[in-house]
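Here our numbering is used: position 44 in the sequence shown is 24, and no number is missing along the way. Report on one structure; see the data block that follows.
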Amino acid sequence: MLDTLQMLVTIAVIALATFATRTLPFLFFGSREPPTMLAVIEKNLPPMILLLLVIYCLKDVQWLTAPYGTPELFTIGVVAGLHFWKRNAMLSIFTGTVLYMILVQFNVFSFL
C-alpha cells in the first residue's frame, strides 16, 4: 500500500506528464507546420486504436461453444451499420455497449 508521500509524488508525476504532453506540441510546432508524418499519424491513429480495442474485446470469445460469438458479431454489425448511417461515434459506442449488455444479461442467443 502507498503511504501519503508516495501518493502525492505519484499524482505530481502524472500531472506533470499530462501537462507536458499537452504543451510540448504547442512549443515545438507553435510557429511552424508539423511534419507530414505527424499529420499521417494524427489522421490514422484513432481508427487504429479502435481496431485494437475491437481485437482486444474479441480475444476471449469462445467461438466453438454456444452462443459461438453471436452476441459479439451481432453487436459489431449493429454498431458498424449505425456508425455508417449516422456518423456519430458516441451514439455508436453507447448503443453498442447497451445492446451487448442486454444480449448477454438476458441470454438472448441461448437457443444456439
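Note that the Cβ used here is the ideal one computed from N, Cα and C, for glycine as well. As the structure is a prediction and not an experimental result, all values here were calculated from the model.
query: Residues of its chain near Glu52, where Cβ-Cβ distance is below 8 Å and the 5 sequence neighbours each way are ignored; result: Cys37, Leu38, Val41 and Tyr80
query: Residue range of the alpha helix (DSSP H) that includes Gln85; result: Ala69 to Gln85
query: Below-8 Å beta-carbon distance, Phe54 vs any chain B residue; result: The question asks about chain B, but that chain is absent: this structure has only one protein chain.
query: Alpha-carbon spacing of Gly76 relative to Ile21, whole angstroms; result: 27 Å
query: First and last residue of the uninterrupted alpha helix (DSSP H) at Val59; result: Thr50 to Lys66
query: Beta-carbon spacing of Leu(-4), Thr(-10) below 8 Å; result: no
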